[in-house]
Every structure is written in structure tokens, then in C-alpha cells.
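Here's the structure, in C-alpha cells; my notes come after.
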Amino acid sequence: MHPFRKFAKQFSHFFGGSIAVQLFSFITFPIFTRVLTKEQYGILGLITTIMFFGVAIAKAGLSDGIIRFYQEYSKDPEKKSEFASTVLSRGFVLSVFTSLAYVLLFLIFQNHLEISKGYAACFIIMALSLFIGPLNIIVFRFLRVNDKTVFINVMDIVGRSLSVGLSLIFLIYVFRGFYGYFIGVVTAEIIVAVILFYWFFKNYKIIPSSISGEIHLKLIKFGVPLFLSELAFLLESYSDRFLVVGFLGQEALGTYTVGQSIAMYIGNIVIFSFSGAMVPICVQIYGEEGREKTEIFMKKCLKYLWMAIIPMWFGYVAVSKELFIIIASEKYAMAATFSPLILLAWFIGTLNVLFGASFYLKKKTMLQFVIDFSSILINIGMNLILIKRLELMGAGISAVVSSTVSAILMIVVSRRYFKIEFEVGSILYYIGVSCLMFLVVTQINTGVIWMNLSLKMITGTVLVALAILLKESEIRENLKKVIHGGSDKGLQLG
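FYI, the numbering for the sequence shown is 20 to 513, going by the numbering used here.
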């Protein structure tokens, strides 16, 4: 299969799966924002943020190592078993250590945290999630290197469905306490783990005596810089939550978490679909066909990325007020003022996925970390100044500036290894189309808020789709072939 056609197919799998998963978030969002107080929602956001950091520490770059090195060991059954045994053993040790360290640190510092003691059980329960989650991610990466994208999507949907369903049932009906939500989340992860490890042990023979020190060191050498980069990404993305609760309090954190979460739901659909599909294919092309073919593939990916994120951002700005009132209720309506800035920062961060792949392929991951770390310093420094003066809007501005600086550095430095050209004309075209779409949809006002949102989304989507078909002859030709019953072999996406 042609590399870009493979990318398009796998991107569609991840994109469709991400939309399905995020739909659960949008469905449950109105429930949680109405059932929980602003303070409880702030605590939920804080625990979620801590889990992000904990999982990153427990993975320690291991998941990236699976994608990067699996092909080297997959051909020989003994080497494949050696690789799987080493990865799983390392992942188990890291998960145990991280979850125990988390509990210990919480018990030591809980009296120093300005958080009600009634919430302590919520933090402790999530230690189980910190143990199970990273191990599940390891299996998901093995699924990814085996191109099991449909199975991955199914498990994502099953996991999210169970998590949402059980957390609501335990919160409202079984335990009737805030901690019930977290028991539901952990229970769902345990069920998913059983299914995932059934597949894993069915396909991989784990032999403790075959654990390889050489593979272990290779994974550490490759993974540590990526682990530091992931921590840098999390600090840049979520350190503002700690500063918001410190400067503005738990209720302000609740409002900020709602505004940030909706933007991130949308951003994640693009960024994780894009990275999940693109990076493994880049590794394959670079290994088999070299730099030039890889550059051609990455340039084409960049073109389609602009085509997606520019109209999506303008559309989000146009509908954000109605979206927040419908999904999160009127009490969170002010989140629409800063949430578009957060989505813009995430979309800019998507460029780091593409240009950061250059460092990934050349094994210059420490250089990527240095760039990410510089962005953190800018983000935290600006937040310390702007949150005091501009409150939540200041956090949004800080996110955009730091993401932009990081992307510029990534683009400039990556040109040492891969030259990925921008199609300026295409970028300007989609900015123009998006501005026109924005002007049209903002004129829609029926007096009924849900009808406004529906009509704006439909109108905006149709206008952008027509503009894409008008410009992109390649897409037009492929669409014609699909309409006229063309086979998959007839699709030429590269």
C-alpha cells in the first residue's frame, strides 16, 4: 500500500475512533458540570492533571521505544519474545515504583495542600490507576506496531464507555459520594487491562530469563529524552492549572478546567490521530526508502494538517459561546472567552509532532527536549505574570505564546535533518476561506441557542468542504472514484 494511502487509512481509523471516544466526553460533560460543584470539578481537574504526570513518569519514554525498535526484533521469534519480556518487565517495575511513590508523597504532603481532607480518598484511589494505566499503554503500543488500529479504536471506545458509565453509576447511585467517580474509573481500567493482556499473552511469549540488559539500556537511552520531552509537554500544557488554583482558587480552577478540557477534547482528536498515524509510517519510509521520500511524505502530511486545523479553529471561535452554554451550562459561559486560545495553542503544538519527527528519526531526542524545556520556562514565566493581571485569559495567552515559540524553534532546528517546505499559498487560501466562513456563520441567529449551534456547524462544514473540493483536485478525483464505485487500488493519495 502506498505510504500516504496507508497514512490516510490509519488516520481515518484514529480520527474516527477519537471522535467516537470524545463524543462520550461531550455526552457526559453536561452531566458532570451540573452534578459536581465548581470546587469538585476543580479537584477532578487537579487529580486528572496529576495522573497525566504520574503516567508519564511510569512510562519513562518506554512506549516510544516500542514503536522505534520493534521492527528490529519482530522477524525472529526468539528476539521478539526477548523484546516483549524486557519491555513488560521494565514497565511493571516502573508502574509499581511510581504508584507507591505517589501514595507516599501524597501522605507526606497532604497536610500542606490547601485541599479539603474529604477529597483525600479520591487521590489515594487513583494510585491503582497509576499502576494499571501505564501497563495498558504498553499493550496499546504493541497493538499499534502490529497495525491493529481497528482493535485499538474498539478498546478506546470500550474503555471510555466503561469509565463514563461506571463512574456515573458509582457516583450517583452506588457510593453517592465524589470518590465513587474515581472507583468507577479504576474499575473500567481493570476490565480493559484484562482484555488487553489476554491479547498480549496470546501473541507474545514472556520468558523472565530472556530479559535483555542490552535492550533495556537501548530503551533507556532512547526513551529518557522523550520522557523528559513528555514531561515538558505536560508542564507546558497543565502547569497553568496549579498556578490558577494557587492564585485564583478552586472555583476558578473549575471554570478553567472546563474551558481547557473542551478545547483539548477537540485538539486531541487531531493531534493524537495525526501522531498515531504519521510517526510509525515515517519510521518505515525512512528505514526503507531514505530521507528524500520521507520529506515528500511529511510535506504532504503538513498540507493536509493545515487543511484541517485552520478551519477547525475559526469554526470553534464562531460557536464557542453556544457550545459552552449547551454542554457545560450558563455558569461556565465565560470560559468561551479564553478557550479558543487554548485550542490554538494545541493546534500549533500539532506542528511539533510533524517537525519533531525529524529528531525522532535521527535519534536526536535530547535536542527536542531542550526545545520543549525552553517553551516551559516561557509558559510558566508568563503565567506567573499574566494570571495575576488578566486571570484566566492570561493563562490562554501564555499557552499560545509558548506553543508558538516551541513550534518556531522546532521548525528551524529540524531543517538540519529534514527540509519540509511550507505551501504558503495553500495556507493563505485556507485562512481566507476560514475568515469567510467565520463571517457567514456569526450572522446566524435564530433566537434558539441549540438551533444556532447546529446551523452554524452545518453551514461552516459545508462552506469549508466546498472550498476544499474547489482547490484540491486530488481529493476531487478520489471522491469521484469512490462515488463511481472505485476500488481501494484506484485511490491515489500520493
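For glycine and all other residues, C-beta sits at the position ideal for the given N, C-alpha and C.
Would DSSP call residue i helix, strand or coil?
i, result
"residue 436", "coil"
"residue 72", "helix"
"residue 414", "helix"
"residue 84", "helix"
"residue 482", "helix"
"residue 205", "helix"
"residue 594", "Residue 594 lies beyond the residue range present for the chain, which begins at 20 and ends at 513; the question has no answer from this structure."
"residue 91", "helix"
"residue 195", "coil"
"residue 512", "The predicted model places residue 512 with a pLDDT of 43, which falls under 50 and marks its position as unreliable; any figure quoted below should be read in that light. Coil at residue 512, not helix or strand."
"residue 270", "helix"
"residue 381", "coil"
"residue 211", "helix"
"residue 79", "coil"
"residue 368", "helix"
"residue 306", "helix"
"residue 286", "helix"
"residue 488", "helix"
"residue 300", "helix"
"residue 466", "coil"
"residue 56", "coil"
"residue 216", "helix"
"residue 357", "coil"
Following the continuous alpha helix (DSSP H) through residue i, name the residue where it begins and the one where it ends.
i, result
"residue 259", "232–267"
"residue 227", "That residue, residue 227, is in no alpha helix (DSSP H); it is neither H nor E in DSSP."
"residue 335", "310–347"
"residue 408", "384–409"
"residue 174", "168–188"
"residue 449", "443–460"
"residue 497", "492–502"
Going by beta carbon distance, what residues of the same chain come within less than 6 Å of residue i, once the five residues before and after it are set aside?
i, result
"residue 430", "374"
"residue 486", "452"
"residue 262", "402 and 406"
"residue 417", "398, 401, 402 and 405"
"residue 511", "Because the pLDDT at residue 511 is just 45, under 50, the model does not fix this residue reliably, and the value given afterwards should be weighed accordingly. Excluding residues within five positions, none has a Cβ falling inside 6 Å."
"residue 203", "185, 186 and 189"
"residue 135", "none"
"residue 201", "141, 144 and 145"
"residue 312", "304"
"residue 246", "79 and 80"
"residue 474", "463"
Going by beta carbon distance, what residues of the same chain come within less than 7 Å of residue i, once the five residues before and after it are set aside?
i, result
"residue 210", "181"
"residue 480", "none"
"residue 290", "365, 368, 369 and 372"
"residue 508", "A caution first: residue 508 carries a pLDDT of 46, below 50, which makes its placement in the model unreliable, though a value can still be read off. Result list for residue 508: empty, nothing under 7 Å."
"residue 100", "223, 224, 226 and 229"
"residue 52", "60, 277, 347, 348 and 351"
"residue 490", "448"
"residue 199", "189, 190 and 193"
"residue 329", "449, 450 and 453"
"residue 253", "71, 72 and 75"
"residue 160", "82, 85 and 86"
"residue 98", "92"
"residue 117", "73, 76, 77 and 149"
"residue 360", "415, 416, 418 and 419"
In its own chain, which residues sit with a C-beta less than 8 Å from the C-beta of residue i, not counting the 5 before and 5 after it?
i, result
"residue 164", "85, 86, 89, 90, 93 and 299"
"residue 454", "333"
"residue 251", "388, 391, 392, 394 and 395"
"residue 421", "255, 364, 394, 395, 397, 398 and 401"
Are the C-beta atoms of residue i and some chain B residue less than 7 Å apart?
i, result
"residue 437", "Included in the structure is just one protein chain, with no chain B present."
Hey, which unbroken runs of the beta strand (DSSP E) at 3 residues or more fall wholly within the region 100–165? Correct list: empty.
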